[in-house]
Amino acid sequence: MSLKLTLDGKVHEVSIVRRRPHLVLRIDGQDHELTELPAEGRGHASMAMGGHAVSFARATVADRQLLRLAGRTFEVGTVDPFSKAGAGGASQDVVRAPMPGAVISVHRRAGEAVARGEVLVTIESMKLQTGLAAPRDGILAAIHRFEGETFEKDEVIATLEPQVDEG
Amino acid sequence: MTAPLFGKILIANRGEIACRVIRTLDAMGIASVAIHHSVEARARHVRMASEAVAIDGETPVGAHLDIDAIVAAALASGADAIHPGYGFLSENARFAAAVEKAGIVFIGPDAATISLMGDKISARAFAEAQGVPVAPSVMPTGDLDDFIARAESIGFPLLIKAAAGGGGKGMSIVRSAEGLREAARIAAGEAQRYFGDGRVYAETYVERPRHIEVQVLGDGDGGAIHLFERECSVQRRFQKIIEEAPAARLDPALRDAICASAVRLAAAARYKNAGTVEYILGADGRFFFLEMNTRLQVEHPVTEMVTGIDLVRAQIEIAAGRGLPAKQGKIAVCGHAIECRICAEDPDRDFLPETGMLAHLGVPEAPWLRFENALDPGQKITADFDPMLAKLVAHGTTRAEAIDRSIAALEGLALLGVTTNIDYLARVLDNAAFRAGDLHTGFVAEQREALAPPPIPPQLRAQVLAAAALGLRDFRELALGTPEPHAAIGGWRN
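Chains as they are written, first to last, in our numbering: chain A, 541 to 707; chain B, 433 to 926.
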């Protein structure tokens, strides 16, 4: 499974090919070697990729990353709900649409137990089909959009029963 | 020449212009008083000022328009003068009068001059009386034949407008005598239908008009000089977004004629303060008076950069009775300067204002660069105030160098968390017509397609995606050295 990112209205895939001696990422089917990795977090960072030094600035707002690179500003979203690193609480109870689109098929019904990573709904956005997966193990409380229905970006597509804290 | 300067000045403004005024006050050793609404109590201009006074207001803008409260704040803080900045109360004759009445110096012209120039009709009549060209026009009469005869006499092309109109209704461009009668008849009919008033008037239509304005300084006793012109032809929603000094392409004789007419106007009005006389310039070299702004202009830094004169200092010295900063013959233009207005707006969606939060601010530095702003990282960008966030002003020895430097500075500027026009401004500067100086106020609309965002080249796209992927904690951990290659942190398996 690869990381799915949205950029410029399209979904792109990033996966790890190898880590040694240098990290190689497969981005939309093309391999890119990173000989220098960027620092973590917000602000200015630099990396070396395919022999090119690249410097950029980065900030995160809600579930989007904003990057300024080569004199242009880019907004990158994450399709996979697992990428919401550190996101906890209520955001773990809902599955939101990463982009505007339509529901192709609904795989699970309200009341059913679902496992983290399990695809609940298949959607089509920008002519690309994507599965919306459960953010954690739990009970599916509701599906809010069904086959053929359309939705906007960030709309809640499915909700899990709230998690009860034990202890 | 030894009139005492002020001890303390209240700045009746906020944002970048308040910060810019305070900078000069600091340099002159004058104490500063900031005013603010409760929503901006910790804003940059408040922190920069020697002291600050909170002004209550139902809305933040309302606080900055509260004449009585601001005059009271000046009295309470012991300020002996008020600098109004631009916008807000800067061209409000009642404010200027109230300030003077309170025994405080208003850094600007007197109320009567503000009133004269603030009214389009009186300003136009005054300009015409001083021999400043105004666009020929024919006012409506009840007699259509008489109207047509007089309209024909001022020449074509003509713009026919409803006297009571607006929004383009009843408006048409007539290029020859044959079309005039029919156009006037249709315009009168439309005007009657839409506005209940069938009177139409005609004025000279300027093709591909350029916006040229002249910076003047007047001492209030009839002495006036100019600091040459600025060109502000690149506009959207009838507002300037890129300004430069000197104008992109201007015949020297024409420049002299325009600047001389501005000085004539300022001298005749016994104008006191910095002011700007705005003109519309046609492709045929005819120029017409538009209006006079009786305050410091947003785009004043480009003039400061090419003339080396601090306009805020000049305003203060004039207000203190010290006269003009230099004789006309001593003022020269050195190089070229360009200002880009950085706005929270989406150029790809008709320049609609945007809101957000300033998550990251990275500003390039160079001796030829001024970044005028009052931004703080983490600051919310709301719809409370104007969408202009900052001004990026660059100087070069030539126009081409100023353009290249501006583009480099825009590219190095990172303002993340709210959609801005930064990338768009860089595309405008790099546009072939802009570089050639082929400017007019319809430039943004005319170059719309050429100014659309270019596709992202594959290599750049891959760089952006790699940077973004490595900005996600789970992916980063996976990429950086989880021992087993098939570890499934966060659900990815590779």
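Virtual Cβ for every residue (Gly too), placed ideally from N, Cα, C.
Span of the beta strand (DSSP E), counted from its first residue to its last, around SER547 of chain B:
That residue, SER547 of chain B, is in no beta strand (DSSP E); its alpha helix (DSSP H) goes 543-550.
Classify HIS552 of chain A as helix, strand or coil using the three-state DSSP reduction.
Looking at HIS552 of chain A - three-state DSSP - the assignment turns out to be strand.
Just to make sure I have the definition right: I need the residues of chain A whose C-beta is within less than 7 Å of the C-beta of VAL896 of chain B. Which are they?
Within chain A, the residues placing a beta-carbon under 7 Å from that of VAL896 of chain B are LEU547, LEU607, LEU609, PHE614 and VAL616, ordered along the chain.
List the residues of chain B whose Cβ lies closer than 8 Å to the Cβ of GLY583 of chain A, in chain order.
Against chain B, the beta carbon of GLY583 of chain A has neighbours under 8 Å at HIS792 and GLY794, listed in chain order.
Helix, strand or coil for HIS768 of chain B? Go by DSSP, reduced to three states.
Here HIS768 of chain B sits in strand by DSSP.
Taking DSSP's pairing of strands, which residues face GLN647 of chain B in a bridge?
Under the DSSP definition of a beta bridge, GLN647 of chain B partners with B:THR708.
Mind the definition here: the stretch 630-647 of chain A touches the stretch 580-597 of chain A only if three or more C-beta pairs lie below 8 Å; say whether that holds.
The stretch 630-647 of chain A makes no contact with the stretch 580-597 of chain A: fewer than 3 CB pairs, one atom from each, lie closer than 8 Å.
Taking HIS572 of chain A as the query, report the chain B residues whose CB atoms sit under 8 Å from its CB, ordered along the chain.
Scanning chain B for C-beta atoms nearer than 8 Å to the C-beta of HIS572 of chain A yields ALA894 and ALA898, reported in chain order.
Please report how far the alpha carbon of ASP694 of chain A lies from the alpha carbon of PRO638 of chain A, in whole angstroms.
Cα to Cα, the separation comes out at about 6 Å.
With 7 Å as the limit, tell me which residues of the stretch 859-885 of chain B have their beta carbon closer than that to any beta carbon of chain A; keep them in chain order.
Listed by position, the residues of the stretch 859-885 of chain B near chain A (Cβ gap below 7 Å) amount to none.
Show which residues of chain A have a CB atom less than 7 Å away from the CB atom of GLU843 of chain B.
Ordered by position in chain A, the residues that pass the 7 Å Cβ test against GLU843 of chain B are GLY611.
Contact set for TYR637 of chain B: own chain, Cβ-Cβ below 7 Å, skip 5 residues either direction:
Result list for TYR637 of chain B: PRO589, LEU590, LEU591 and ILE605, in chain order.
Does the beta-carbon of PHE622 of chain A have 16 or more other beta-carbons within 10 angstroms, so that it is buried, or is it exposed?
Any reading at PHE622 of chain A must be qualified, since the residue scores a pLDDT of 47, below 50, and its modelled position is unreliable; the value itself is stated next. Classification of PHE622 of chain A: buried, given that the 10 Å Cβ count is 16 or more.
Could you tell me the boundaries of the beta strand (DSSP E) in which GLY641 of chain A lies?
641-646 is the span of the beta strand (DSSP E), which, as asked, contains GLY641 of chain A.
Endpoints, alpha helix (DSSP H) assigned at LEU756 of chain B:
First-last for LEU756 of chain B: undefined, no H or E at that position.
Indicate the three-state DSSP secondary structure (helix, strand or coil) for SER464 of chain B in the structure shown.
Strand.
Comparing C-alpha positions only, which one of A:ARG608, A:VAL616, A:ILE556 and A:VAL646 sits nearest to ILE663 of chain A?
Checked all of A:ARG608, A:VAL616, A:ILE556 and A:VAL646; the closest Cα to ILE663 of chain A is A:VAL646.
Between the C-alpha atoms of GLY569 of chain A and SER522 of chain B, what's the straight-line distance to the nearest angstrom?
The alpha-carbon atoms of GLY569 of chain A and SER522 of chain B are separated by roughly 59 Å.
What are the partner residues of GLY671 of chain A, as DSSP defines its beta bridges?
According to DSSP, which records beta bridges pairwise, GLY671 of chain A is partnered with A:THR662.
Could you give the residue range of the beta strand (DSSP E) that holds HIS658 of chain B?
From DSSP, the beta strand (DSSP E) with HIS658 of chain B extends over 656-668.
Option in B:THR708, B:ASP551, B:VAL478 and B:ALA911 with minimal Cα separation from PHE660 of chain B:
Cα-wise, what sits closest to PHE660 of chain B is B:THR708.
Continuous alpha helix (DSSP H) stretch holding SER595 of chain A: start and end:
Counting along the chain, SER595 of chain A falls outside any alpha helix (DSSP H), though it belongs to the beta strand (DSSP E) covering 592-601.
Counted within 10 angstroms of its Cβ, other Cβ atoms place GLU645 of chain B as buried (16 or more) or exposed
Classification for GLU645 of chain B: buried.
Under 9 Å between the Cβ atoms of ALA681 of chain A and LEU700 of chain A?
Contact flag set, yes.
Closest Cβ-Cβ distance between MET820 of chain B and chain A: below 9 Å?
No, because no Cβ of chain A sits closer than 9 Å to the Cβ of MET820 of chain B.
Contact list for the stretch 494-517 of chain B against chain A, Cβ threshold 9 Å
For the stretch 494-517 of chain B, there are no residues whose beta carbon sits under 9 Å from a beta carbon of chain A.
Considering only the alpha carbon of each residue, which of B:VAL765, B:GLY828, B:THR735 and B:VAL744 lies closest to TYR518 of chain B?
The alpha carbon of TYR518 of chain B has as its nearest neighbour, out of B:VAL765, B:GLY828, B:THR735 and B:VAL744, the alpha carbon of B:VAL744.
Could you name the residues that DSSP lists as bridge partners for PRO785 of chain B?
Per DSSP, B:GLU777.
What residues in its chain sit with their C-beta under 7 Å from that of ALA559 of chain B, if we drop five residues either side in the sequence?
For ALA559 of chain B, the CB contacts under 7 Å within the same chain, skipping 5 residues up- and downstream, are VAL566, LEU697 and PHE721 in chain order.
For LEU521 of chain B, which residues in chain A fall below 7 Å Cβ to Cβ?
Simply none; closest approach about 35 Å.
Min CB distance MET639 of chain A to chain B below 9 Å
So no, MET639 of chain A is outside the interface.
Is the separation between the beta-carbon of PRO819 of chain B and that of CYS775 of chain B shorter than 9 Å?
Yes, Cβ-Cβ distance for PRO819 of chain B and CYS775 of chain B is below 9 Å.
Figure out for me which residue from B:GLU843, B:GLU777, B:ALA815 and B:PRO779 has the closest Cα to the Cα of GLY794 of chain B.
Ranking the options by Cα distance to GLY794 of chain B, first place goes to B:GLU843.
On a CA-only basis, which of B:ARG446, B:ALA692 and B:ASP458 is nearest ILE748 of chain B? Give me that one, please.
The option with the nearest alpha carbon to ILE748 of chain B is B:ASP458.
Find the residues of chain A that neighbour ILE888 of chain B, judging by a C-beta separation of less than 9 Å, and give them in chain order.
Within 9 Å Cβ-Cβ: LEU547, ASP548, ARG612 and PHE614.
Sequence-distant residues of its chain with Cβ nearer than 6 Å to HIS552 of chain A (five each side left out)
Excluding positions up to five away in sequence, the list reads LEU545 and ASP568.
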